[in-house]
Amino acid sequence: MNQNEQVLLDITRTTRSVFNWIQDKCENGTSSEELIVLPEVIKGAVELGSLIHRLMEDGYIIKK
């Protein structure tokens, strides 16, 4: 695996983790501490989604 492939794999894993965390909090509720950071986590998830979209447009990620 080359460095670009590793970076894309890391981005994918991070994205899945963030979206799974958000989904869990929406479905199962949050603590008051989690509720405080939830808007920032969602903002970060949107930024990750934008990054992935740009990488797809530039041909770094092949859509299956």
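This note's numbering applies: residue 52 is where the sequence shown begins, and numbers increase by one.
Don't be surprised by glycine CBs; every beta carbon is placed ideally from N, CA and C.
Treat the numbers as computed from the prediction; the structure is a model and nothing was measured.
Asked	Found
The stretch 53-63 contacting the stretch 97-109, beta-carbon criterion three pairs below 8 angstroms	yes
Simplified DSSP state of G110, which is helix, strand or coil	coil
Limits of the alpha helix (DSSP H) - the one that N71 falls within	Q54 to N79
CB of W72 within 8 angstroms of CB of V92, strictly	yes
Coil, strand or helix - S82 by DSSP	coil
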